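So the structure is just underneath, and the comments pick up after that.
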Amino acid sequence: AQKITQTQPGMFVQEKEAVTLDCTYDTSDPSYGLFWYKQPSSGEMIFLIYQGSYDQQNATEGRYSLNFQKARKSANLVISASQLGDSAMYFCAMREVETSGSRLTFGEGTQLTVNP
Amino acid sequence: NAGVMQNPRHLVRRRGQEARLRCSPMKGHSHVYWYRQLPEEGLKFMVYLQKENIIDESGMPKERFSAEFPKEGPSILRIQQVVRGDSAAYFCASSQAEGTEAFFGQGTRLTVV
Numbered sequence: 017a018q019k020i021t022q023t024q025p026g027m028f029v030q031e032k033e034a035v036t037l038d039c040t041y042d043t044s045d046p047s048y049g050l051f052w053y054k055q056p057s058s059g060e061m062i063f064l065i066y067q068g069s070y071d072q073q074n075a076t077e078g079r080y081s082l083n084f085q086k087a088r089k090s091a092n093l094v095i096s097a098s099q100l101g102d103s104a105m106y107f108c109a110m111r112e113v114e115t116s117g118s119r120l121t122f123g124e125g126t127q128l129t130v131n132p
Numbered sequence: 026n027a028g029v030m031q032n033p034r035h036l037v038r039r040r041g042q043e044a045r046l047r048c049s050p051m052k053g054h055s056h057v058y059w060y061r062q063l064p065e066e067g068l069k070f071m072v073y074l075q076k077e078n079i080i081d082e083s084g085m086p087k088e089r090f091s092a093e094f095p096k097e098g099p100s101i102l103r104i105q106q107v108v109r110g111d112s113a114a115y116f117c118a119s120s121q122a123e124g125t126e127a128f129f130g131q132g133t134r135l136t137v138v
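If you want it as C-alpha cells, here you go:
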C-alpha cells in the first residue's frame with residue numbers, strides 16, 4: 017500500500033484564489049511528521065510547512081496552512097491568495113519516527129499551475 | 026550560513042563510467058540523507074549517514090551504489106558502471122539531529138548517455 021497518496025496529478029487555480037492540494041497517508045506509527053515541499057521548474061526542493069502527529073493546532077506558515085485531519089489520515093495543503101510564482105510541483109512527505117527514523121517517504125506530487 | 030551544497034549541478038556520464046556526487050551539509054549538521062528522483066516521480070530515500078557511519082541504507086540498490094560521509098569533507102554518493110536507468114536527479118538533505126527538519130540541496134542531475 018502507498019504510504020503517501022497524492023491523487024491530483026495536476027491542479028489549476030486562478031491568481032489570487034485559494035487552492036487545496038490533497039494528501040492522504042498510511043501509517044501505524046503513533047508518532048509521525050508530515051511535510052510539504054515545493055519544487056519549481058528549476059528543480060530545488062523548498063520546505064513549506066510541517067505538522068507533527070501530536071500537534072493540536074493545524075500548522076500555518078504565511079499563505080500556507082495544513083488542514084490536518086488525523087482520523088481521516090489526511091494532511092491537505094491550502095495555499096491562499098495564489099500567486100504566479102506558486103506554479104510548481106508540490107510534494108507531501110511523511111516521517112515515521114519509530115519505524116523509519118529520519119527518512120522521508122514522498123508522494124508522487126501534484127503539479128500546480130496558477131493562471132493569470 | 027550557506028545551505029546544503031551539492032556539486033556538480035549537472036553531470037553527464039557515458040554508460041560504464043563512474044559518477045561521484047558530492048554533498049556538503051549545512052554548517053553544524055552531521056546527518057545526511059540521499060534521495061533519488063526519477064523523471065516524473067517523487068523522491069525515493071536511498072541512504073542515511075552520520076559522520077563516518079551508515080545508519081540506514083535500505084533504499085540503496087545492492088550493486089554499483091555506495092555512499093560515505095567521512096570525518097572531514099563532503100558526503101559522496103558513488104555510482105559505478107552507470108547505466109541509462111541511473112539517469113535521475115539526486116538530492117542530498119542534512120539535519121542537525123535525527124528527526125529534526127532536513128534541508129535539501131539543489132540536487133545533481135545525472136544524465137547517462
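Protein sequence lines, in the order shown, are assigned to chains D and U.
FYI, the numbering used here numbers position 49 of the first sequence as 65, with every residue one higher than the one before it.
FYI, the numbering used here numbers position 109 of the second sequence as 134, with every residue one higher than the one before it.
For every residue, glycine included, the Cβ atom is placed at its ideal position computed from N, Cα and C.
Quantities reported herein were computed from a predicted structural model and do not represent experimental measurements.
- Residue environment for E112 of chain D: buried (at least 16 other C-beta atoms within 10 angstroms of its C-beta).
- In the structure shown, the three-state DSSP call for T21 of chain D is strand.
- For R119 of chain D, the neighbours in chain U by C-beta distance under 7 Å run, in chain order, Y58, F70, Y73, D81.
- By alpha-carbon distance to I62 of chain D, the top candidate from D:S103, D:D71, D:P25 is D:S103.
- Along the region 100-119 of chain U, the positions whose C-beta sits under 9 Å from a C-beta of chain D are A114, F116, A118, read in chain order.
- At a cut-off of 8 Å, the C-beta of G26 of chain D has no neighbouring C-beta in chain U.
- When secondary structure is reduced to three states using DSSP, D42 of chain D falls in the coil class, being assigned neither helix nor strand.
- D81 of chain U sits in a strand when the DSSP states are folded into three classes.
- Counting only the Cα atoms, T126 of chain D lies some 5 Å from G26 of chain D.
- The CB of E123 of chain U comes closer than 8 Å to the CB of G117, S118 in chain D, given here in chain order.
- Proximity of chain U to Y48 of chain D at the Cβ level (cut-off 9 Å) is not reached, the minimal Cβ distance being about 11 Å.
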